[in-house]
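Have a look at the structure below before the remarks.
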Amino acid sequence: VAEAPRPPLGLIDTSVVIDLDHIDAEQLPIELAISALTMAELAAGPHATAEAHERARRQDRLQRAEASFDPLPFDGDSARAYGRIYAAIVAAGRKARGPRAVDLLIAATAVAANLALYTRNVDDFRGLDDLLTIVGV
14 VAEAPRPPLG LIDTSVVIDL DHIDAEQLPI ELAISALTMA ELAAGPHATA
64 EAHERARRQD RLQRAEASFD PLPFDGDSAR AYGRIYAAIV AAGRKARGPR
114 AVDLLIAATA VAANLALYTR NVDDFRGLDD LLTIVGV
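What follows is the structure, given as structure tokens:
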């Protein structure tokens, strides 16, 4: 059985960026894109811990991401896509606000860019299958 070819481009969420060194590259698209929202989460990371070693590790991750990616903006198309995502999440009986709200904004970025979303947290995106392709890694 031949394996499916790797897609040329996909959007990775913050969970994938955090674990990137531990994910088999064959599970990911050839070229990786990130959202400006992921960059924002990474920028907040060093400030979210009081432990010096962890803060340094998070700062290093942020600097590597800044050097490696030109983030996709959250623009007008993303905002409109978020409206559809919000409606789908509510229709699925889930809350669209709260701790995972940024994840849904990242998903909207993927929809607007017509890219599959690669994540370690597939359950965070339940109910969105009709709007975008979610790939668990």
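Heads up: the sequence shown begins at 14 in the numbering used here, then just goes up one per residue. Glycine included, C-beta positions come from ideal geometry on N, C-alpha and C. Owing to the predicted nature of the structure, the values given are computational and were not obtained by experimental measurement.
*If we ignore side chains and look at the alpha-carbon of each, how far apart do glycine 140 and isoleucine 47 end up?*
Counting from one through the sequence shown, the residue named residue 140 turns up at place 127. Counting from one through the sequence shown, the residue named residue 47 turns up at place 34. Answer to the nearest angstrom: the Cα atoms are 22 Å apart.
*For glutamate 44, I'd like the list of residues in its chain whose CB is within less than 7 Å of its CB, leaving aside the five on either flank, ordered along the chain.*
Taking the sequence shown and counting its residues from 1, the one referred to as residue 44 is at position 31. Answer for glutamate 44: Pro21, Leu22, listed in chain order.
*asked:* Taking the alpha-carbon of alanine 123 as reference, which of Leu50, Gly58, His60, Ala105 has the nearest alpha-carbon?
replied: The residue given as residue 123 occupies position 110 in the sequence shown. When only C-alpha atoms are compared, the closest one is Leu50.
*Going by alpha carbons, who is nearest to aspartate 137 out of Asp32, Asp116, Val29?*
Within the sequence shown, residue 137 is the residue found at index 124, counting from 1. The candidate whose alpha carbon is nearest that of aspartate 137 is Asp116.
*Any idea what DSSP makes of valine 150, helix, strand or coil?*
In the sequence shown, the residue the question calls residue 150 occupies position 137. Correct three-state label for valine 150: coil.
_Three-state secondary structure assigned by DSSP to glutamate 64_ = Position 51 of the sequence shown, counting from 1, holds the residue named residue 64. It is coil, neither helix nor strand.
*Give the range of the beta strand (DSSP E) segment to which alanine 46 is assigned.*
As a working mapping, residue 46 is identified with position 33 in the sequence shown. Run containing alanine 46: 44–46, per the beta strand (DSSP E) assignment.
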